[in-house]
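Sequence positions in the sequence shown follow this note's numbering and run 285 to 521. C-beta: ideal position from N, C-alpha, C; glycine also.
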Amino acid sequence: MSITHWNDVTIDYDKVLDTDESNVVLLATAVDRLPAGAVDVLDIGSGTGRLTSLCRAARPAARIVGVDPAPTMVTAAQAKFADDDGASFLEAIAEDLSVFPDASFDAAISSFALHHMELDAYDTAAAEIFRVLRPGGRFVNADQFCRVMGPVASRERALDVLDLLTAKARHYLLEACFERMLLQIDLLPRFLREDGEILTTPEYWRDALKSAGFATVEIIATPPAELYNRVIVADKA
Ligand SMILES: C[S@@+](CC[C@H](N)C(=O)[O-])C[C@H]1O[C@@H](n2cnc3c(N)ncnc32)[C@H](O)[C@@H]1O
């Protein structure tokens, strides 16, 4: 498993992200869509456990397993939940959930993590998520998306990335904090080169989930519009 650049994050991630109301709204919208009776929940790309905390609060009876490929993130989440038997964390990626048997979870959830996958990994990840869900299970994915896909150097794709990323940076400076804006600007070359930050349209995910066998896929926009954040909800029959 290759280690992502998220292994080397030096900012106080939770503190910076907490200043960002759009992120709070996105994650809350995702958690709202967790099935009421979910007992076993998988948090994919759990990072420091921000989404995990919200899931714990919303479904106190649920057991949550977080997976993430960055060892430093897994260690941070384990430390945060050291006194909580209901949450555990281990190293894994969305594209390879072989550590879990078929039908292990009632729900899988993810926030701001899966746009780190390579484009050719979506079908594999969708199939893995489908496999580890029980019949009637639900996948909820909150993330940022783009409007145009294409070859890395295509002018249309690069323009869309520039428009989105500069709008995000302006929004974060005005509505969150200086460090949130800088995080976005620091990542701009990665988004442009598709180097570990690879935007897709929401429809790209929808098509992969449908091909994997999910019966229904809903795409929900969360404000503000210029960030192009979406929550994707996919149900297994
Ligand atoms: C921006 S953080 C988001 C963490 C957390 N979900 C949140 O909302 O605060 C993205 C996380 O995705 C993880 N990640 C990167 N590639 C991944 C993959 N292929 N599968 C699962 N997680 C991945 C990174 O290691 C990182 O911890």
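Check, Outcome
"Under the three-state DSSP convention, the category E502 falls into", "strand"
"L446 beta carbon less than 8 Å from that of D427", "no"
"Which of helix, strand or coil DSSP assigns to P419", "strand"
"Whole-number beta carbon distance between M433 and T485, since they are thought to touch under 8 Å", "6 Å"
"Contacting residues, own chain, Cβ-Cβ under 7 Å from G421 (five flanking each side not counted)", "F389, D390, A391 and K520"
"Sequence-distant residues of its chain with Cβ nearer than 8 Å to P435 (five each side left out)", "R441"
"Boundaries of the beta strand (DSSP E) in which S372 is found, first to last residue", "A371 to L374"
"DSSP three-state assignment for A554, whether helix, strand or coil", "Nothing in the structure corresponds to residue 554, since the chain is present only between 285 and 521."
"Bounding residues of the beta strand (DSSP E) (the contiguous stretch that carries A391)", "F389 to S395"
"P353: CB within 7 Å of a non-hydrogen atom of ligand 1", "yes"
"8 Å contact criterion, which R317 and V501 should meet: CB distance rounded", "Incorrect: roughly 12 Å between the Cβ atoms, too far for contact."
"Residue environment, A345, which counts as buried when at least 16 other CB atoms sit within 10 Å", "exposed"
"Whole-angstrom distance between T336 and L417, CA atom to CA atom", "18 Å"
"Which residues DSSP lists as bridging N513, in chain order", "Q428 and T506"
"D304 versus R334, H289, G329 and D324, residue with shortest Cα-Cα distance", "R334"
"Coarse secondary structure for R334, derived from DSSP in three states", "helix"
"Status (buried if at least 16 other CB within 10 Å, exposed otherwise) for S330", "buried"
"Buried or exposed (CB count within 10 angstroms, at least 16 for buried), I328", "buried"
"8 Å contact criterion, which C430 and L448 should meet: CB distance rounded", "6 Å"
"Exposure label - F462; buried when at least 16 CB within 10 Å", "exposed"
"7 Å Cβ shell around V315 - same chain, five flanking residues per side excluded", "L338, C339 and A342"
"T332: CB within 7 Å of a non-hydrogen atom of ligand 1", "yes"
"Three-state secondary structure assigned by DSSP to D327", "strand"
"Given A453 as reference, the closest of P508, G497, A387 and I393 once Cα atoms are compared", "P508"
"Alpha-carbon to alpha-carbon, E487 and R477", "21 Å"
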